[in-house]
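The structure appears right after this line, and notes come after that.
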Amino acid sequence: MLYQQRLFALDNVRVFLILIVVAFHASAPYAEVPWYTIPPETTPLTSVLLSWFLAVCAAFMLSLFFMISGYFTPFSYYRKGSTLFWKDRLMRLGIPLVVFFFGVMPLFTYLLCSIDGTVSPFWDFLSSEYHWETHHLWFLNNLLLFTGGYWIYHVSRFKPIKRLNNPGNSTILLFVIFIALATFLVRIWYPIGEWDALKLVEPSYLPQFGGLFIAGILAYHHQWFKKVSTSVGLTWLKIGFVTALLFPLIYLVGEGSYEVLRGGFSWQPFVFSVWESFICVGFCVGLPILFREKAATEKIGILAASTYAVYLIHLPVVVSIQRALVGVGMHPLIKVLIAITGGLCLSFVISHFLRKLPFVKKIL
733 MLYQQRLFAL
743 DNVRVFLILI
753 VVAFHASAPY
763 AEVPWYTIPP
773 ETTPLTSVLL
783 SWFLAVCAAF
793 MLSLFFMISG
803 YFTPFSYYRK
813 GSTLFWKDRL
823 MRLGIPLVVF
833 FFGVMPLFTY
843 LLCSIDGTVS
853 PFWDFLSSEY
863 HWETHHLWFL
873 NNLLLFTGGY
883 WIYHVSRFKP
893 IKRLNNPGNS
903 TILLFVIFIA
913 LATFLVRIWY
923 PIGEWDALKL
933 VEPSYLPQFG
943 GLFIAGILAY
953 HHQWFKKVST
963 SVGLTWLKIG
973 FVTALLFPLI
983 YLVGEGSYEV
993 LRGGFSWQPF
1003 VFSVWESFIC
1013 VGFCVGLPIL
1023 FREKAATEKI
1033 GILAASTYAV
1043 YLIHLPVVVS
1053 IQRALVGVGM
1063 HPLIKVLIAI
1073 TGGLCLSFVI
1083 SHFLRKLPFV
1093 KKIL
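Quick note, the numbering used here runs 732 ahead of the 1-based positions in the sequence shown.
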């Protein structure tokens, strides 16, 4: 029974996270973030509030997704064996990556540019103007890389993973310090927003993503989602929340400019790395425990089943809504709420029907 409750809790965390992801992308142009062909539209207060929201979300939401993915990776590997495991991973991750990279996103971007009437013929656009990027599907790139790392470790090790004690506050604090230092060091050479040459990985977040993926694997082997005490989990949730409230100080540290915080060998990027790491680990430890205690129910299972499909399709949906709102006389925050609500509703409805298609259902 406890095992089922734990799985329901993680499903519900995934639903919460997909809501955050959609809200994150729905808010971008109204926080003056360069965003497709959507012109920035904001007010000074709106920009600060949404920048606060985006900074906090960026610090933890995908790290928590990676931790949950890490948790289910050993379970899937042991249940299916190496061959079926990789067949499933390549089908569920590789096929969507190829379809979106070569099909959906180039076509969507072309249509988006066509609205402004400033685009070349389609094939000229692809060969000279379109930036071949994975867009939001970079998450799948990283997940495939981390999965490959797990597989290499699994097939090459000679001893089982050593039994570890349940992490307490001191252990988690050491993990935060490690993540913060590793993040700062990486960002000396790879500031936030800089990608590798192939545009597959953003190194500035690898310590957080990789560290939490490994934490998820360990959580599976040692049943941490079941055994970590409620007091420890909620303590770190509070730490993450209080740290998030310190954003105005971070804003002052950056002198009102995000560029100062992105990276380099100076004290401002170090402070920002520490701030992010406390939010990252605080929420990644605390939210699963909170949901374990308060929301271990299968009542929203139909939403949980669609979270992966929603992640795949939500970006074109949200950007389309944002484009439709360009020039409409509304306060930017009203537009954000419309983009969030419309993006979520349409994405879940489309995903629901997509998953009814025989072949698609096997992937999504």
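Positions of the beta carbon are idealized from the N, C-alpha and C atoms, including for glycine.
Suppose the cutoff is 7 Å on Cβ atoms and the five residues either side in sequence are ignored; what does the same chain contact list for residue i look like?
{"i": "Arg746", "result": "Ile800, Ala1036 and Thr1039"}
{"i": "Phe833", "result": "Thr866 and Leu869"}
{"i": "Pro806", "result": "Ile949, Tyr952 and His953"}
{"i": "Glu861", "result": "Ser852"}
{"i": "Pro939", "result": "Ile911, Ala914, Thr915 and Val918"}
{"i": "Phe740", "result": "Ala1028, Thr1029 and Glu1030"}
{"i": "Val1050", "result": "Val754, His757, Ala758, Ala1071 and Gly1075"}
{"i": "Asp928", "result": "Pro935"}
{"i": "Val908", "result": "Ser1009, Phe1010 and Val1013"}
{"i": "Lys1093", "result": "Arg1087"}
Indicate the three-state DSSP secondary structure (helix, strand or coil) for residue i in the structure shown.
{"i": "Trp767", "result": "strand"}
{"i": "Asn897", "result": "coil"}
{"i": "Gly880", "result": "helix"}
{"i": "Arg889", "result": "coil"}
{"i": "Ala1028", "result": "coil"}
{"i": "Leu796", "result": "helix"}
{"i": "Ala929", "result": "coil"}
{"i": "Gly988", "result": "coil"}
{"i": "His757", "result": "helix"}
{"i": "Thr967", "result": "helix"}
{"i": "Phe941", "result": "helix"}
{"i": "Lys958", "result": "helix"}
{"i": "Val1060", "result": "coil"}
{"i": "Glu861", "result": "helix"}
{"i": "Glu773", "result": "coil"}
{"i": "Glu1008", "result": "helix"}
{"i": "Tyr922", "result": "coil"}
{"i": "Pro1001", "result": "helix"}
{"i": "Lys1094", "result": "helix"}
{"i": "Lys1088", "result": "coil"}
{"i": "Pro853", "result": "coil"}
{"i": "Asp743", "result": "helix"}
{"i": "Thr866", "result": "coil"}
{"i": "Asp820", "result": "helix"}
{"i": "Arg994", "result": "coil"}
{"i": "Ser1038", "result": "coil"}
Quick test of your reading: residue i and residue j, contact by CB under 8 Å. State the CB separation rounded to the nearest angstrom.
{"i": "Phe979", "j": "Trp855", "result": "No, Phe979 and Trp855 are not in contact; Cβ-Cβ is about 45 Å, not under 8 Å."}
{"i": "Ala1071", "j": "Ile1053", "result": "5 Å"}
{"i": "Ile1095", "j": "Ile827", "result": "6 Å"}
{"i": "Ile1021", "j": "Leu944", "result": "Going by Cβ atoms, the distance from Ile1021 to Leu944 rounds to 15 Å, so no, they are not a contact pair."}
{"i": "Trp956", "j": "Pro899", "result": "7 Å"}
{"i": "Lys1067", "j": "Tyr762", "result": "6 Å"}
Residues in the same chain with beta-carbon distance under 8 Å from residue i, minus the five sequence neighbours each way, listed in chain order, please.
{"i": "Phe941", "result": "Leu794, Ser795, Phe798, Asn874 and Phe878"}
{"i": "Leu734", "result": "Caution applies to Leu734, whose pLDDT of 47 falls short of 50 and renders its modelled position unreliable; the value that the coordinates give is listed next. Cβ within range, chain order: Lys958."}
{"i": "Gly1061", "result": "none"}
{"i": "Leu786", "result": "Phe756, Ser759, Ala760, Ala763 and Val765"}
{"i": "Trp818", "result": "Trp883"}
Using 8 Å as the threshold, is the C-beta distance between residue i and residue j below it?
{"i": "Gly1018", "j": "Val754", "result": "no"}
{"i": "Ile1011", "j": "Gly972", "result": "yes"}
{"i": "Ile1045", "j": "Trp1007", "result": "no"}
{"i": "Leu843", "j": "Leu876", "result": "no"}
{"i": "Gly1014", "j": "Leu1065", "result": "no"}
{"i": "Ile673", "j": "Arg1024", "result": "In the structure as shown, the chain begins at 733 and stops at 1096. Residue 673 is therefore absent and cannot be evaluated."}
{"i": "Val836", "j": "Pro1048", "result": "yes"}
{"i": "Leu922", "j": "Gly995", "result": "Correcting the residue identity first, residue 922 is Tyr in this sequence and not Leu. Cβ distance < 8 Å, so Tyr922 and Gly995 count as in contact."}
{"i": "Val964", "j": "Val985", "result": "no"}
Going by beta carbon distance, what residues of the same chain come within less than 6 Å of residue i, once the five residues before and after it are set aside?
{"i": "Phe997", "result": "Ile920"}
{"i": "Ile752", "result": "Cys789 and Met793"}
{"i": "Ala760", "result": "Trp767"}
{"i": "Lys931", "result": "Glu865"}
{"i": "Leu872", "result": "Leu825 and Leu829"}
{"i": "Ser1083", "result": "Ser1038, Ala1041 and Val1042"}
{"i": "Phe857", "result": "Tyr842 and Val851"}
{"i": "Thr774", "result": "Tyr762, Glu764 and Pro1064"}
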